[in-house]
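Those letters in the sequence shown? Residues 1 to 577, by full-length UniProt numbering.
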Amino acid sequence: MENFALQSVSTTTSFSPHSPTSRISLLHRSKPISHSLSFPSSLHLSRSISLFQSTPPISQSPFLSSRSSLFNPLFNPKLRRAFPMRTSASQSPDNQPLPPTPPPRQGAKPIPFLISIAIGLIVRFAVPKPVEVSAQAWQLLSIFLSTIAGLVLSPLPVGAWAFLGLTVTVVTKTLTFAAAFNAFTSEVIWLIVISFFFARGFVKTGLGDRIATYFVKWMGKSTLGLSYGLTISEALIAPAMPSTTARAGGVFLPIIKSLSLAADSKPNHPSSRKIGAYLIQSQFQCAGNSSALFLTAAAQNLLCLKLAEELGVQISSPWLTWAKFACAPAIIGILVTPAILYKLFPPETKDTPEAPAMATRKLEAMGPVTKNEWIMVGTMLIAVSLWIAGEALKIPSVVAAMIGLSILLTLGVLNWDDCLSEKSAWDTLAWFAVLVGMAGQLTSLGLVGWMSNCVASLLKSLSLSWPAAFAILQASYFFVHYLFASQTGHVGALYSAFLAMHLAAKVPGVLAALALAYNTNLFGALTHYSSGQAAVYYGAGYVDLPDVFKIGFVMALINGFIWTVVGCIWWKILGLY
Numbered sequence: 001m002e003n004f005a006l007q008s009v010s011t012t013t014s015f016s017p018h019s020p021t022s023r024i025s026l027l028h029r030s031k032p033i034s035h036s037l038s039f040p041s042s043l044h045l046s047r048s049i050s051l052f053q054s055t056p057p058i059s060q061s062p063f064l065s066s067r068s069s070l071f072n073p074l075f076n077p078k079l080r081r082a083f084p085m086r087t088s089a090s091q092s093p094d095n096q097p098l099p100p101t102p103p104p105r106q107g108a109k110p111i112p113f114l115i116s117i118a119i120g121l122i123v124r125f126a127v128p129k130p131v132e133v134s135a136q137a138w139q140l141l142s143i144f145l146s147t148i149a150g151l152v153l154s155p156l157p158v159g160a161w162a163f164l165g166l167t168v169t170v171v172t173k174t175l176t177f178a179a180a181f182n183a184f185t186s187e188v189i190w191l192i193v194i195s196f197f198f199a200r201g202f203v204k205t206g207l208g209d210r211i212a213t214y215f216v217k218w219m220g221k222s223t224l225g226l227s228y229g230l231t232i233s234e235a236l237i238a239p240a241m242p243s244t245t246a247r248a249g250g251v252f253l254p255i256i257k258s259l260s261l262a263a264d265s266k267p268n269h270p271s272s273r274k275i276g277a278y279l280i281q282s283q284f285q286c287a288g289n290s291s292a293l294f295l296t297a298a299a300q301n302l303l304c305l306k307l308a309e310e311l312g313v314q315i316s317s318p319w320l321t322w323a324k325f326a327c328a329p330a331i332i333g334i335l336v337t338p339a340i341l342y343k344l345f346p347p348e349t350k351d352t353p354e355a356p357a358m359a360t361r362k363l364e365a366m367g368p369v370t371k372n373e374w375i376m377v378g379t380m381l382i383a384v385s386l387w388i389a390g391e392a393l394k395i396p397s398v399v400a401a402m403i404g405l406s407i408l409l410t411l412g413v414l415n416w417d418d419c420l421s422e423k424s425a426w427d428t429l430a431w432f433a434v435l436v437g438m439a440g441q442l443t444s445l446g447l448v449g450w451m452s453n454c455v456a457s458l459l460k461s462l463s464l465s466w467p468a469a470f471a472i473l474q475a476s477y478f479f480v481h482y483l484f485a486s487q488t489g490h491v492g493a494l495y496s497a498f499l500a501m502h503l504a505a506k507v508p509g510v511l512a513a514l515a516l517a518y519n520t521n522l523f524g525a526l527t528h529y530s531s532g533q534a535a536v537y538y539g540a541g542y543v544d545l546p547d548v549f550k551i552g553f554v555m556a557l558i559n560g561f562i563w564t565v566v567g568c569i570w571w572k573i574l575g576l577y
């Protein structure tokens with residue numbers, strides 16, 4: 001039965017951590033999805049998996065391993081009572097036949113499809129073309145806006161919709177085939193793809209799970225200590241596991257659910273406020289700072305620097321430069337967020353004396369560090385070292401990642417089937433490259449420059465200094481994310497335009513580029529649909545939707561204050577402006 005259940009999970013858990021395709025459906029849901037699987041660590045995937053398209057292979061997580069019987073209902077009576085096992089895939093827990101599953105929708109959703117197409121047609125034929133803009137640039141803009149609208153409205157999966165947009169650019173002769181596919185050879189795009197394979201290695205070997213469990217053992221005597229242990233362990237894992245959704249779904253949510261159930265804190269139940277809701281909120285809100293701390297902690301960070309480079313903003317030694325300027329505000333944000341939420345959203349259970357003992361037993365059940373875990377550690381040390389010293393050694397970041405992946409493949413930690421089955425990586429390659437390519441062509445055709453000059457003229461007419469313009473543009477970029485269901489989609493749509501506006505307003509280029517990139521991580525915790533990890537954590541069923549919006553907005557203001565005050569002081573000391 002356990003093998004059957006695990007197999008059913010593994011065949012339905014491919015989702016894209018950066019894809020907004022199905023997360024937009026969360027906008028229409030007012031309550032968390034109910035649980036249907038029996039395992040506390042399985043994230044009730046059979047229902048909540050519809051919230052997102054791909055997660056690291058949860059079936060490979062040590063929390064679902066047969067050796068981790070501590071958190072397995074087959075061997076834990078308390079969990080078995082809370083989550084009764086099903087006897088058949090076609091029966092409910094009370095042995096009643098389940099209703100037949102409706103067939104999936106075939107083709108595009110009509111209304112989102114028509115709206116997305118209409119936006120582009122209106123821009124192309126109804127809005128007068130400015131005389132300063134070429135016909136080619138204006139036509140590409142209309143296609144680009146239709147593509148962005150499709151990312152938000154999801155008439156098709158994001159990769160399919162991006163491919164349609166790419167096809168239109170070639171069919172209408174807006175771009176040549178070579179120009180349309182130029183971004184598919186981008187180093188940054190391939191670095192992002194390889195990052196997904198690294199994340200799979202962390203989950204497959206159980207290394208990320210082991211690290212987090214050690215922190216639970218060391219710091220888990222209280223609920224607040226548990227939160228600090230989990231958030232600090234994520235910050236340490238982040239630079240070598242460049243996917244917030246992989247970290248959430250593959251490592252931290254299984255641990256949080258197991259700890260919560262052991263404390264009798266159940267999802268979709270009043271007892272969720274004992275510790276589960278607090279741990280979810282704390283981990284969710286801290287994830288933005290963890291991702292902002294390191295360049296390789298999130299895929300969108302790499303995309304931001306690529307787009308900045310296309311606008312002439314060059315950042316030397318990018319890995320070190322990013323970490324140097326981010327360290328002060330990000331570390332302070334990580335350290336104060338659990339304490340702030342402990343006051344704003346307090347857990348009912350303050351002490352968790354059993355958690356360290358549970359973690360100790362789990363580590364004993366996991367056994368000694370395996371050979372594959374040691375290989376994973378060594379490989380990531382090599383990769384991170386090359387990322388740090390890459391400029392001095394003249395080794396590009398993508399080459400360092402290729403070396404790391406080659407080691408993992410050669411030594412068998414990953415196999416080629418692992419890479420082929422990482423659908424999120426290939427999906428990201430497709431739609432990321434389309435967006436980056438279109439944005440780059442819009443810049444080359446002069447449209448972004450024209451838009452930035454218009455904004456610069458407006459700001460000049462208001463007699464705003466560059467610090468004032470910087471504040472207004474950063475706040476606008478941040479809160480417009482309420483309209484997006486993807487951090488990377490937001491970057492692809494707006495990063496270049498907002499950076500160009502900053503440059504036109506005489507904001508120092510590196511300051512503008514990095515601040516926008518840091519903000520891209522922080523707004524991932526605004527709503528239940530604002531990022532891949534948002535869908536993962538909300539789908540767990542521990543937090544009510546009003547609390548997600550309320551805490552998201554309050555913490556956005558607090559993070560904004562920390563990064564404005566601490567960040568600006570720190571950046572001034574370092575000579576960034």
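C-beta atoms are modelled at their ideal positions from N, C-alpha and C, and glycine is treated no differently. Small disclaimer: the values here were computed from a predicted structure and weren't measured.
Here's the rule I'm using: 16 or more other beta-carbon atoms within 10 Å means buried, otherwise exposed. How should residue i be labelled?
i, result
"Ala468", "exposed"
"Val565", "exposed"
"Leu140", "buried"
"Val152", "buried"
"Val216", "buried"
"Phe561", "exposed"
"Ile189", "buried"
"Leu420", "exposed"
"Trp387", "buried"
"Pro546", "exposed"
"Ile551", "buried"
"Trp161", "buried"
"Gly412", "exposed"
"Ser316", "exposed"
"Ile33", "Legend: pLDDT at Ile33 = 36, less than 50; position of this residue unreliable, value from coordinates given subsequently. When all chains shown are included, Ile33 counts as buried."
"Trp416", "exposed"
"Pro56", "Caution is warranted here: a pLDDT of 40 is assigned to Pro56, below 50, making its placement in the model unreliable, and the coordinate value is therefore given only provisionally. Under this definition Pro56 is a buried residue."
Can you tell me where the alpha helix (DSSP H) with residue i in it begins and where it stops?
i, result
"Arg361", "354 to 366"
"Gln285", "276 to 293"
"Lys324", "318 to 344"
"Lys423", "423 to 444"
"Thr520", "509 to 522"
"Ala475", "466 to 479"
"Pro546", "545 to 573"
"Ile309", "Before going on, a small fix: residue 309 reads as Glu here, not Ile. Counting along the chain, the alpha helix (DSSP H) containing Glu309 begins and ends at 299 to 310."
"Lys506", "Here Lys506 belongs to no alpha helix (DSSP H), and DSSP marks it neither H nor E."
"Val448", "447 to 461"
"His490", "487 to 490"
"Ala535", "532 to 539"
"Ala525", "Premise fails: Ala525 is in no alpha helix (DSSP H) and is neither H nor E."
"Phe484", "Neither: Phe484 is in no alpha helix (DSSP H) and is coded neither H nor E."
Just to check my reading of the structure: residue i and residue j have Cβ atoms closer than 8 Å, yes? What is that Cβ distance to the nearest angstrom?
i, j, result
"Ile334", "Asn289", "5 Å"
"Ala235", "Leu293", "6 Å"
"Ser146", "Ile111", "Actually they do not touch by this definition, with Cβ atoms about 15 Å apart."
"Leu207", "Ala401", "The Cβ separation is near 17 Å, so there is no contact."
"Thr527", "Tyr482", "7 Å"
"Ala430", "Phe163", "6 Å"
Could you check the C-alpha separation between residue i and residue j for me, to the nearest Å?
i, j, result
"Val398", "Ser463", "43 Å"
"Leu574", "Trp563", "15 Å"
"Gln474", "Ala240", "28 Å"
"Asn182", "Gly437", "7 Å"
"Met358", "Lys506", "56 Å"
"Thr244", "Glu422", "15 Å"
"Tyr342", "Val548", "15 Å"
"Met501", "Leu447", "12 Å"
"Pro155", "Phe113", "5 Å"
"Met376", "Gly367", "17 Å"
"Trp450", "Ala471", "22 Å"
"Tyr477", "Ala535", "21 Å"
"Pro270", "Ala246", "28 Å"
"Asp264", "Asn301", "38 Å"
"Phe432", "Lys221", "43 Å"
"Pro508", "Ile407", "40 Å"
"Asn519", "Gly312", "20 Å"
"Val171", "Val127", "22 Å"
"Gln533", "Ala365", "28 Å"
### Message
My parser needs the alpha helix (DSSP H) runs of 4 or more residues fully inside the stretch 196 to 260; what are they?
### Response
207 to 219, 223 to 237, 244 to 247
### Task
Please go through the stretch 112 to 174 and give each complete alpha helix (DSSP H) segment of 4 or more residues, from N-terminal end onward.
135 to 153, 158 to 171
### Task
Please list the segments of the beta strand (DSSP E) lying wholly inside the stretch 390 to 418, counting only runs of 3 or more residues, in order along the chain.
none
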